[in-house]
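Basically my numbering = 1-based index in the sequence shown + 8.
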Amino acid sequence: MRVTDRIYKTKNDIPYLTLVKFGEEIKGNETDLELVRAKVKEHFKTTDLEAFNKAITTNPKQVKFRYKYDGDLSIIDKFIDVDTFQRENDFEALLQILLKPKYKLIPVDVHKVSLAEVEVITKSFL
């Protein structure tokens with residue numbers, strides 16, 4: 009492991025949208041370890057595949073929520089949008105609808121949302 013490698017310990021450390029993009033790029037070639045290694049390094053800035061793999065399967069003791077989750081789907085337009093984006097696997101748009109800033113001056117950056125956060129969010133409305 010190099011000093012510049014990022015360290016991943018749990019699902020809290022893994023950005024969800026980056027993981028989705030990574031999954032799309034290796035789809036069908038999951039057994040090609042050289043490709044997987046190169047894509048992990050490219051997307052997640054680490055060469056420690058074992059630690060990264062362990063982090064993907066490790067649930068954190070507590071999920072760190074960066075933003076407020078707005079799961080109120082009583083507004084029909086919002087419900088339809090969430091349903092549509094979920095069926096189309098447009099996770100970026102889905103997160104934009106469901107997440108609100110904790111503080112008014114700090115905008116939501118859906119690219120910082122972790123795998124652990126998304127798992128909690130999707131379980132709440134499925």
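C-beta: ideal position from N, C-alpha, C; glycine also.
Spatially closest choice to residue i from the options, by CA coordinates
i    : options               : result
V118 : T26, R14, Y16         : T26
S122 : K29, F52, P23         : P23
D78  : T92, Y16, L103        : L103
I15  : A124, K110, V44, L57  : L57
T65  : K131, E127, S132      : E127
T130 : L106, K120, K112      : L106
F52  : A124, T12, E100, K112 : T12
Y111 : D80, K76, D98         : K76
E125 : D91, F30, R45, N67    : N67
D80  : T92, F30, K108, K29   : K108
For residue j and residue i, believed in contact at Cβ under 8 Å, the rounded distance
i   : j   : result
I5  : K49 : For residue 5 there is no data in the structure shown, the boundaries of the chain being 9 and 134.
T18 : A59 : Incorrect: roughly 11 Å between the Cβ atoms, too far for contact.
Residue environment, residue i, which counts as buried when at least 16 other CB atoms sit within 10 Å
i    : result
M9   : Residue confidence is low: M9 scores 48 on pLDDT, short of 50, so the model does not pin down where it sits. No coordinate-derived value is stated.
D21  : buried
I114 : exposed
L43  : exposed
E96  : exposed
E32  : exposed
Any 3 or more C-beta pairs closer than 8 Å across the stretch 31-46 and the stretch 64-80: no
Secondary structure, alpha helix (DSSP H): runs of 4+ residues fully inside the stretch 29-64: If we require 4 residues or more, the alpha helix (DSSP H) runs fully inside the stretch 29-64 come out as 41-52.
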